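Here it is in structure tokens:
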């Protein structure tokens with residue numbers, strides 16, 4: 023029984039590792055691509071390409087090299103940036119959800135606001151805009167705006 027459970031855990035771990043390879047590669051690549059030496063390297067490649075222009079007579083092939091290279095890199099970077107953006111957004115949402123959950127008096131109905139339809143978001147937005155306007159009115163009249171009104 024214990025051997026079987028251990029085997030199942032190993033299988034799940036191996037499956038998770040296969041599923042997470044993209045996340046690991048994307049995270050590492052994004053980290054590396056954000057370094058100044060990578061930018062410097064890209065500038066260096068462009069300078070080498072420019073300098074070699076006269077050697078190749080500014081031919082179509084010479085132009086095709088940079089066009090193809092930049093297109094491929096741009097294409098791959100779109101997916102990398104989207105993955106990084108999705109991961110960062112999800113982490114921020116979870117942190118905000120935890121702050122809402124842990125704050126006494128906070129409205130737990132706001133925990134998964136990003137999952138609501140646009141109409142529901144607009145309803146919440148109008149309610150909070152109204153609260154902000156009321157708070158500014160109180161401030162202008164010399165009152166405080168630090169209470170916790172109901173939504």
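In the numbering used here, the protein residues as written are 23 to 173. Glycine residues also receive a C-beta, built at the ideal position from the N, C-alpha and C atoms. Note that the structure is predicted; figures quoted are calculated from it, not measured.
### Message
For residue 172, tell me which candidate among 131, 162 and 163 has the shortest Cα-Cα distance.
### Response
On the chain shown, position 150 is the one that residue 172 refers to. Of the candidates 131, 162 and 163, the one whose C-alpha sits nearest the C-alpha of residue 172 is 131.
### Task
Give the range of the alpha helix (DSSP H) segment to which residue 115 is assigned.
The residue labelled residue 115 in the question sits at position 93 within the chain shown. Its alpha helix (DSSP H) spans residues 82 to 124.
### Task
In the DSSP assignment, find the unbroken alpha helix (DSSP H) run with residue 53 in it and report its ends.
As a working note, residue 53 is residue 31 in the chain shown. Its alpha helix (DSSP H) spans residues 43 to 55.
### Task
Determine the contact status of residue 110 and residue 133, defining contact as a CB-CB distance below 7 Å.
On the chain shown, position 88 is the one that residue 110 refers to. On the chain shown, position 111 is the one that residue 133 refers to. The Cβ-Cβ distance between residue 110 and residue 133 does not fall below 7 Å.
### Query
Is DSSP giving residue 136 helix, strand or coil here?
Residue numbering aside, residue 136 sits at position 114 when the chain shown is read from its first letter. Assigned with DSSP and collapsed to three states, residue 136 falls in helix.
### Query
alpha helix (DSSP H) containing residue 59: first to last residue?
As a working mapping, residue 59 is identified with position 37 in the chain shown. Segment 58 to 74, the alpha helix (DSSP H) holding residue 59.
### Task
Measure the CB-CB distance between residue 98 and residue 52 and report whether it falls below 7 Å.
Walking along the chain shown from the start, residue 98 turns up at place 76. Walking along the chain shown from the start, residue 52 turns up at place 30. Result no, Cβ atoms of residue 98 and residue 52 do not sit closer than 7 Å.
### Query
What is the DSSP secondary structure of residue 142, counted as helix, strand or coil?
Here the question's residue 142 lines up with position 120 in the chain shown. Residue state, collapsed to three classes: helix.
### Message
I need the DSSP call for residue 128, collapsed to helix, strand or coil.
### Response
Taking the chain shown and counting its residues from 1, the one referred to as residue 128 is at position 106. Correct three-state label for residue 128: coil.
### Task
Would you mind giving the Cβ-Cβ distance between residue 146 and residue 135, rounded to the nearest angstrom? I have them listed as a contact below 8 Å.
Indexing the chain shown from 1 puts residue 146 at position 124. Indexing the chain shown from 1 puts residue 135 at position 113. Rounded, the Cβ-Cβ distance is 7 Å, consistent with contact.
### Query
Thinking just about the alpha-carbon of each residue, which of 149, 139, 89 and 112 is nearest to the one in residue 67?
Reading the chain shown from its first residue, position 45 is the one you call residue 67. Of the candidates 149, 139, 89 and 112, the one whose C-alpha sits nearest the C-alpha of residue 67 is 89.
### Task
Please state whether DSSP places residue 213 in a helix, a strand or coil.
Any question about residue 213 goes unanswered here, given that the chain covers just 23 to 173.
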